[in-house]
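The sequence shown begins at -15 in the numbering used here and counts up by one.
All C-beta atoms in this analysis are idealised placements derived from N, C-alpha and C, irrespective of residue type, glycine included.
One structure below.
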Amino acid sequence: MGNARKMKIAAFMAVVMLAGSVPVISGATSTQDQLDAAQHERDELEQQHQETTDKLDGLKEEQKTLTGELNALNRQLTEISEHLEELEGQIRDKQQEIEEIRAALEAAREKEAWQYECMKVHIQMMYEQGDSMYLEALLSVGSLADFLNFNEYFEQLTSYNQKLFEEYAANREYIEGEESRLLQEMAQLEQLELEAEAEKSKVSGLIGQTSRVIAKYSDQIEDAEAQARAYEAEIKEKEKDIEYLKKKIAEEKALSQAAANAAWRDISEVTFAESDKWLLANIIYCEAGGEPYAGKLAVGAVVINRVLSSRYPDTVEGVIYQKSQFSPVASGRLGLALGSNKANADCYRAAEEAMSGMTNVGNCLYFRTPVPGLTGINIGGHVFY
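Structure, rendered in structure tokens:
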């Protein structure tokens, strides 16, 4: 290996040893990229899981509140139903009292009418016969004592009839007053019953509405719980992916360290095939077509560094087509570029200079988009290490 190249490599090795070697497969789909993506997805899933859990807690709290309200409504409905039963009992009792008072009133009216008819007959007889019957009766008595007794009897009979009529009239008036009072109380009870029925209907409606809302919350809670379980399952799977990728990166670190400590060939020991420049120029185009020239040369230098390292294939074709190393190979972009020779003049120039042993990244074997914690040589949109 030339002295100038050895000095560049030694200087770069000092940088790498200070920064730490974190091997990442070149290209956008490197192991580190996959790990970063997996961790990002895991973080998003955990955030979504937390949001779902918070939502679930809120739904359960709302459901708990509504359940408390529903229980209160049910208690209220029970009280109203019991009050209704009490009112209905009072109405039945009042109806019975009204029926009894009406029967008593009817009997009083009949007695009053009978007594009234008796008095009318008595008065009529006295009017038609004048005082002769009364006088004859008085004259027929045998003594003064009998006369006085007979006269007192007629007076008492008349007074009794008058008193009885007045009692019947007073009793009828009392019964009519009782009937009026009972009918008024009956109307009040019926009004209370209507109000209680309306309140019962209102509370029943609220119970139905609250029950439907609770059922809706139950459905939402069930959906949220299912979503939370799904997130938990996804997080577990993502954790498995992360663990796998961490192990893979650990393996790549070991490979990187081994490559750094392995034997290196001098560029003069490499025999390039006629197609190598064409192949190298197009992989440079795929990986750094939009980068400045320094970025294109750096990508070409990484490929040639691998050719020079004993840890990698010893040909440009072998390095580029090594399994899972360059993402444009796996994605098919390189094949498309080669098919129409997309590489421009700068890509070919970078390929020629890299194949001549020129490097602006020392003996870097990897490059990727920058990530926190990874240091190296930053050129364009890549970090080389």
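C-beta contact flag for residue i and residue j at 8 Å
i, j, result
"Gln80", "Leu173", "no"
"Tyr269", "Lys326", "yes"
"Val313", "Val300", "no"
"Thr36", "Ala212", "yes"
"Lys261", "Met342", "no"
"Val283", "Phe351", "yes"
"Lys232", "Arg26", "no"
"Leu61", "Ser188", "yes"
"Glu163", "Ile85", "yes"
Backbone CA spacing between residue i and residue j [nearest angstrom]
i, j, result
"Glu96", "Tyr158", "13 Å"
"Ala210", "Leu40", "10 Å"
"Ala214", "Arg333", "53 Å"
"Thr353", "Ser195", "57 Å"
"Leu358", "Lys230", "15 Å"
"Ala208", "Ile226", "26 Å"
"Leu264", "Ala242", "25 Å"
"Leu43", "Gln175", "42 Å"
"Asp17", "Cys348", "18 Å"
"His366", "Ser293", "22 Å"
"Ile9", "Ser308", "Any reading at Ile9 must be qualified, since the residue scores a pLDDT of 42, below 50, and its modelled position is unreliable; the value itself is stated next. Straight-line Cα distance between these residues: approximately 7 Å."
"Gln32", "Glu45", "20 Å"
"Tyr144", "Ser185", "60 Å"
"Ile205", "Asp38", "11 Å"
"Glu316", "Ala285", "Note that residue 316 is Gly in the sequence shown here, rather than Glu. Whole-angstrom Cα-Cα distance: 22 Å."
"Gln168", "Ser202", "50 Å"
"Gly364", "Gly302", "26 Å"
"Ser5", "Tyr228", "Only weak support exists for where Ser5 lies, its pLDDT of 34 falling under 50; the value from the coordinates is given anyway. One C-alpha to the other measures close to 19 Å."
"Ser324", "Glu258", "18 Å"
"Gln34", "Ile219", "12 Å"
"Arg165", "Glu183", "27 Å"
"Ala21", "Ala56", "52 Å"
"Asp77", "Tyr152", "27 Å"
"Gln193", "Ala87", "49 Å"
"Gln306", "Arg249", "19 Å"
Option in the options with minimal Cα separation from residue i
i, options, result
"Phe256", "Val187, Glu336, Arg317", "Glu336"
"Ala92", "Tyr296, Asp27, Ala154", "Ala154"
"Leu89", "Thr37, Leu50, Gly161, Lys261", "Gly161"
"Ala390", "Tyr296, Ala265, Glu275, Gly274", "A question about residue 390 goes unanswered here, because the residues of the chain that appear run from -15 up to 369."
"Asp298", "Gly323, Ile251, Ser340, Glu275", "Ile251"
"Glu253", "Glu163, Gln23, Asn289, Asp38", "Asn289"
"Arg156", "Thr142, Glu101, Glu94", "Glu94"
"Thr142", "Gln193, Cys102, Ala21", "Cys102"
"Ile82", "Gln146, Met170, Leu19, Ala21", "Met170"
"Gly274", "Asn328, Leu320, Lys224", "Asn328"
"Leu19", "Ala87, Lys200, Lys224", "Lys224"
Nonlocal neighbours in the same chain, by C-beta distance under 7 Å from residue i, ignoring five residues either side
i, result
"Ala180", "Ile64, His67, Leu68, Leu71"
"Ile198", "Gln47, Leu50, Thr51, Leu54"
"Lys280", "Ile268, Ala272, Asp330, Cys331, Ala334"
"Glu150", "none"
"Asn245", "none"
"Gln23", "Ile226"
"Gly11", "Here the model assigns Gly11 a pLDDT of 43, short of 50, so the residue's position is not dependable and the matter cannot be decided."
Cβ of residue i within 8 Å of any chain C Cβ
i, result
"Ala314", "Protein chains in the displayed structure number just one, and chain C is not present."
Contacting residues, own chain, Cβ-Cβ under 8 Å from residue i (five flanking each side not counted)
i, result
"Leu318", "Asn266, Ile267, Cys270, Ile304, Phe310, Pro312"
"Glu177", "Leu68, Leu71, Glu72, Ile75"
"Asn58", "Ile191"
"Leu322", "Trp262, Leu263, Asn266"
Cβ neighbours of residue i in the same chain (closer than 6 Å, five flanking residues each side left out)
i, result
"Ile361", "Val345, Phe368"
"Pro356", "none"
"Val(-1)", "Here Val(-1) scores only 37 on pLDDT, less than 50, and its place in the model is too uncertain to base an answer on."
"Leu320", "none"
"Lys200", "none"
"Gln146", "none"
Residue range of the alpha helix (DSSP H) that includes residue i
i, result
"Ile267", "260 to 272"
"Asn289", "277 to 292"
"Val367", "First-last for Val367: 366 to 368, but that is the beta strand (DSSP E), not the alpha helix (DSSP H)."
"Gly319", "317 to 324"
"Glu301", "300 to 304"
"Cys331", "329 to 339"
First through last residue of the beta strand (DSSP E) which encompasses residue i
i, result
"Ile361", "361 to 363"
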